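A.B. asks:
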Amino acid sequence: MSTELILATALSFVIGAIVAYVIAMGKVKNITNEKEKEAELIIEKAKERAQEIKRTAKSDAKQIVNDEKDVLEKEYQKKQQSLIDQERNITKKEIALDQKIEAKDREMDQLKDKEKQLENEKTQAIAEKERMKIKQAEISEKLEKVAAMSKDEAKAELMSVMEEEAKLDAAKMIARVEEEAQEDAEKRSKRILGIALQRFAGEYVAEQTITSVELPGDEIKGRLIGREGRNIRAFEQICGVDLIIDDTPGMVVISSFNVVRKQVAKMTIEKLISDGRIHPAKIEEFHDKSKHEMEMTLRELGEKAQMEIGIHGLHPEVLKMLGALNYRTSYMQNQYQHSLEVGFLCGAMAAELGMNVKQARRAGLLHDIGKAIDASAEGSHAVVGADFLKKYGEDPDIVHAVRAHHEDVKPETVLAHLVMAADALSGARPGVRKFLKESYVSRVTDIENIANSFDGVNKSYAISAGREIRVLVSNDKVTDEETIVLSRDIAKKIEQEMSYPGTIKVSVIRETRAVGIAK
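Using the working numbering, the first residue of the sequence shown is number 1273, and each one after it goes up by one.
Have a look at this one:
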């Protein structure tokens, strides 16, 4: 190939490359221009978007600021109102405090006036004492001159006169204090007792010391006696009762002062008759079964009483003794029913006084539990019952109320006085107790004899089945003021020398009669 051809080819290749470059550069420039335009559009849109976001942000910020401002204003108003309320309360307290200060100032002024009055009275008393000394000396001199009495004798006479005057003054003071105390207390106590009685209506059951058991035939009597009296001796020894078999057809009698033991014996006889085999071994077997059944019955009775009275948590031994009261009587009054009644009455009175009703009911229910405890225990039933309850973890206030309900110890709590009042109410209401004629007449006679033993008493009359005694006195021997002292002395002597249920009212009557005749 020639040189010219090579050069021409190279030149054409270079020119083609240049042309291609120029074209490519043109395209690049075009593309660049388009991209720049697109970039400008994007920037414009971004600026517009930024402006829109900015406007939105400003709006949101204003809204947030307004919301926060509203919240702050509300909190401010609340705090402002709280401050106003506090200021108002402080103002009220200041007013109340000022009023209390004024009241205290008035009280101080009154105390100062009373102090001045007391000082004046003291001064007057000292002056009166001095006058009395002077008068006493004058009286002593006159007595010595007129009665030819020595100074010691005159002094004794004067002391006797002054003692009588002091007694009269004391009687007047007692009457005034009692009248003032009873004005409100009597109304309130009558109201409480009336409400308690109206809210409870009880019954009583009379138990006897003997129980009759019907027999299916008279041939059973011979079998109960046994050969040479073997069965009846074994029965009496095992059961601890007396079995009376007489000529009454189809009947035997069980006699015992222990009513629980008597009931167990009755159950034993019924089991023996039902079984048909009567001999010492069977008697002992059926007695053990009857005794176990009786213990279960006593426990059920105790639980029933606990449920009726609305309390809980009594010890099983306490429940058993409580059930045993169903077989105890006092003046023919069933002690189980009596204890329930006292519990209800205690609760009713405690409710009126705003006290613990359940505690009062518990104390009333348990107050006579000592009557169910074996007689081998030393002390009155109140003391024995209190020791028994203390042993099984009863509340000390209840133990004290039980111990004090017959004043074996001095009652020191309101609960103890409530139990005493409820016990008296339950025993004293009409019809609840029965008395033998002889004991009734003896009690009434003893009351009248005690009243007649005092000087100045003309006659005395026991009325209302011995619940009240009216004493007539001589008006020339007993003054109006002395009747108060006399009534208290008679009541105190009756308390010391007699035993009786409930209370006895002593009324001393002094009467002056003047009779004129017009013609």
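The beta carbon of each residue, even a glycine, is placed where N, CA and C say it ideally should be.
Given the structure is predicted, the values throughout are model-derived calculations rather than measurements.
Secondary structure at L1708, three-state DSSP: helix, strand or coil?
C.D. replies: Within the sequence shown, numbered from 1, the residue matching residue 1708 stands at position 436. The pLDDT assigned to L1708 is 47, lower than 50, so where the model puts this residue is not dependable; a value taken from the coordinates is nonetheless given after this. Of the three classes helix, strand and coil, the one that applies to L1708 here is coil, per DSSP.
A.B. asks: Do you know how far the Cα of R1782 is from the Cα of K1751?
C.D. replies: Position 479 of the sequence shown, counted from the start, is the residue given in the question as residue 1751. Position 510 of the sequence shown, counted from the start, is the residue given in the question as residue 1782. The question names Lys, but residue 1751 is Thr in the sequence shown. The straight-line gap from Cα to Cα measures roughly 8 Å.
A.B. asks: Curious, which full-length beta strand (DSSP E) runs of at least 3 residues does the region 1741–1784 contain?
C.D. replies: Listed in chain order, they are 1777–1782.
A.B. asks: Please determine if the region 1565–1576 and the region 1518–1529 are in contact, where contact requires at least 3 C-beta pairs separated by less than 8 Å.
C.D. replies: At 8 Å Cβ cutoff, the stretches do not touch.
A.B. asks: Buried or exposed for V1780, going by 16 or more other Cβ atoms inside 10 Å?
C.D. replies: As a working note, residue 1780 is residue 508 in the sequence shown. So V1780 ends up on the buried side.
A.B. asks: Does the Cβ of K1301 have 16 or more other Cβ atoms within 10 Å, making it buried, or fewer, making it exposed?
C.D. replies: Stepping through the sequence shown from its first residue, residue 1301 is reached at position 29. Result: exposed.
A.B. asks: Since C1618 and A1694 should fall inside the 8 Å C-beta cutoff, what is the C-beta to C-beta distance between them, to a whole number of angstroms?
C.D. replies: Position 346 of the sequence shown, counting from 1, holds the residue named residue 1618. Position 422 of the sequence shown, counting from 1, holds the residue named residue 1694. Confirmed, about 4 Å.
A.B. asks: Considering only residues of the same chain and omitting the five flanking positions on each side of I1789, which have a CB-CB separation below 7 Å?
C.D. replies: Your numbering for residue 1789 matches position 517 in the sequence shown. For I1789, where only same-chain residues beyond five positions count, there are no Cβ hits under 7 Å.
A.B. asks: Does the distance from the CB of A1644 to the CB of R1600 come in under 8 Å?
C.D. replies: Sequence index remark: in the sequence shown, residue 1644 carries index 372 (1-based). Sequence index remark: in the sequence shown, residue 1600 carries index 328 (1-based). Against a cut-off of 8 Å, the Cβ pair of R1600 and A1644 comes out as a contact.
A.B. asks: For V1531, which of A1577, C1511, N1361 has the nearest alpha-carbon?
C.D. replies: For the purposes of this step, residue 1531 is taken as residue 259 along the sequence shown, with counting starting at 1. Of the candidates A1577, C1511, N1361, the one whose C-alpha sits nearest the C-alpha of V1531 is C1511.
A.B. asks: For the beta strand (DSSP E) that contains I1641, what are its first and last residues?
C.D. replies: Indexing the sequence shown from 1 puts residue 1641 at position 369. I1641 -> no beta strand (DSSP E), and no H or E assigned at all.
A.B. asks: As an exercise, report each continuous beta strand (DSSP E) stretch of at least 3 residues that is fully enclosed by the region 1518–1555, in chain order.
C.D. replies: If we require 3 residues or more, the beta strand (DSSP E) runs fully inside the region 1518–1555 come out as 1523–1527.
A.B. asks: Are the CB atoms of V1536 and K1576 nearer to each other than 8 Å?
C.D. replies: For the purposes of this step, residue 1536 is taken as residue 264 along the sequence shown, with counting starting at 1. For the purposes of this step, residue 1576 is taken as residue 304 along the sequence shown, with counting starting at 1. Result no, Cβ atoms of V1536 and K1576 do not sit closer than 8 Å.
A.B. asks: Under 8 Å between the Cβ atoms of A1506 and I1545?
C.D. replies: Taking the sequence shown and counting its residues from 1, the one referred to as residue 1506 is at position 234. Taking the sequence shown and counting its residues from 1, the one referred to as residue 1545 is at position 273. Going by C-beta atoms, A1506 is not nearer than 8 Å to I1545.
A.B. asks: Using the rule of at least 16 other Cβ atoms within 10 Å of the residue's Cβ for burial, across every protein chain shown, is L1594 buried or exposed?
C.D. replies: Looking up residue 1594 in the sequence shown gives position 322. Looking at its Cβ environment, which holds 16 or more other Cβ atoms inside 10 Å, L1594 is buried.
A.B. asks: Given this structure, state the Cα-to-Cα distance separating A1763 from H1610, to the nearest angstrom.
C.D. replies: Counted from its first residue, the sequence shown places residue 1763 at position 491. Counted from its first residue, the sequence shown places residue 1610 at position 338. Their backbone Cα atoms lie some 27 Å apart in a straight line.
A.B. asks: If you draw a straight line from the alpha carbon of E1312 to that of K1334, how long is it in whole angstroms?
C.D. replies: Indexing the sequence shown from 1 puts residue 1312 at position 40. Indexing the sequence shown from 1 puts residue 1334 at position 62. Cα to Cα, E1312 sits roughly 32 Å from K1334.
A.B. asks: Three-state secondary structure (DSSP) at R1471?
C.D. replies: By one-based count along the sequence shown, residue 1471 stands at place 199. Here the model assigns R1471 a pLDDT of 47, short of 50, so the residue's position is not dependable, and the following value carries that caveat. Of the three classes helix, strand and coil, the one that applies to R1471 here is coil, per DSSP.
A.B. asks: Give the secondary structure of K1682 by DSSP, where H, G and I count as helix, E and B as strand, and everything else as coil.
C.D. replies: What you label residue 1682 is simply residue 410 of the sequence shown in a count that begins at 1. Coil, per DSSP.
A.B. asks: At the level of alpha carbons, what is the spacing between V1704 and M1692?
C.D. replies: Taking the first residue of the sequence shown as 1, we reach residue 1704 at position 432. Taking the first residue of the sequence shown as 1, we reach residue 1692 at position 420. Here the model assigns V1704 a pLDDT of 49, short of 50, so the residue's position is not dependable, and the following value carries that caveat. About 17 Å.
A.B. asks: Could you tell me whether the Cβ atoms of L1687 and A1673 are closer together than 8 Å?
C.D. replies: Taking the sequence shown and counting its residues from 1, one reaches residue 1687 at position 415. Taking the sequence shown and counting its residues from 1, one reaches residue 1673 at position 401. In contact: L1687 and A1673 (Cβ atoms closer than 8 Å).
A.B. asks: Check each candidate in E1557, E1767, R1742, S1714 and name the one with the smallest Cα separation from D1680.
C.D. replies: In the sequence shown, the residue the question calls residue 1680 occupies position 408. If we check each option's Cα against that of D1680, E1767 comes out closest.
A.B. asks: On the DSSP bridge assignment, give the partners of I1516 in chain order.
C.D. replies: As a first step, residue 1516 must be located in the sequence shown, where it is residue number 244. Beta-bridge pairing links I1516 to V1525.
A.B. asks: Can you tell me whether A1280 is buried or exposed, with buried defined as 16 or more other CB within 10 angstroms of its CB?
C.D. replies: Here residue 1280 corresponds to residue number 8 of the sequence shown, with the count starting at 1. With fewer than 16 other Cβ atoms within 10 Å, it is exposed.
A.B. asks: Under a Cβ-count criterion, where at least 16 other Cβ atoms within 10 Å of its own Cβ denotes burial, should V1477 be classed as buried or exposed?
C.D. replies: Indexing the sequence shown from 1 puts residue 1477 at position 205. Note that V1477 scores a pLDDT of 43, beneath 50, so its modelled location is shaky; the value from the coordinates is reported in the next line. Burial call: exposed.
A.B. asks: Report all residues from its chain with a CB closer than 8 Å to the CB of I1278; omit the five preceding and five following residues, and keep chain order.
C.D. replies: Reading the sequence shown from its first residue, position 6 is the one you call residue 1278. Answer for I1278: no residue qualifies.
A.B. asks: Going by alpha carbons, who is nearest to K1538 out of S1771, M1566, D1370?
C.D. replies: Along the sequence shown, read from residue 1 onward, the residue named residue 1538 stands at position 266. The shortest Cα separation from K1538 among S1771, M1566, D1370 belongs to M1566.
A.B. asks: Cα separation between R1633 and L1690?
C.D. replies: Taking the first residue of the sequence shown as 1, we reach residue 1633 at position 361. Taking the first residue of the sequence shown as 1, we reach residue 1690 at position 418. Cα to Cα, the separation comes out at about 10 Å.
A.B. asks: Considering A1596, what are the terminal residues of the alpha helix (DSSP H) in which it resides?
C.D. replies: To locate residue 1596, count along the sequence shown from 1; it is residue 324. Looking at the DSSP string, the run of the alpha helix (DSSP H) that includes A1596 is 1588–1596.
A.B. asks: Can you tell me which of Y1664, L1638, L1597, E1624 puts its alpha carbon nearest to the alpha carbon of I1583?
C.D. replies: For the purposes of this step, residue 1583 is taken as residue 311 along the sequence shown, with counting starting at 1. Nearest C-alpha to I1583: L1638.
A.B. asks: Whose CA, out of D1490, E1491, I1541, lies closest to the CA of L1515?
C.D. replies: Position 243 of the sequence shown, counted from the first residue, corresponds to residue 1515. That would be I1541, whose Cα lies nearest to the Cα of L1515.
A.B. asks: So for S1725, helix, strand or coil by DSSP?
C.D. replies: Counting from 1 along the sequence shown, the entry for residue 1725 is found at position 453. The answer is coil: DSSP assigns S1725 none of H, G, I, E or B.
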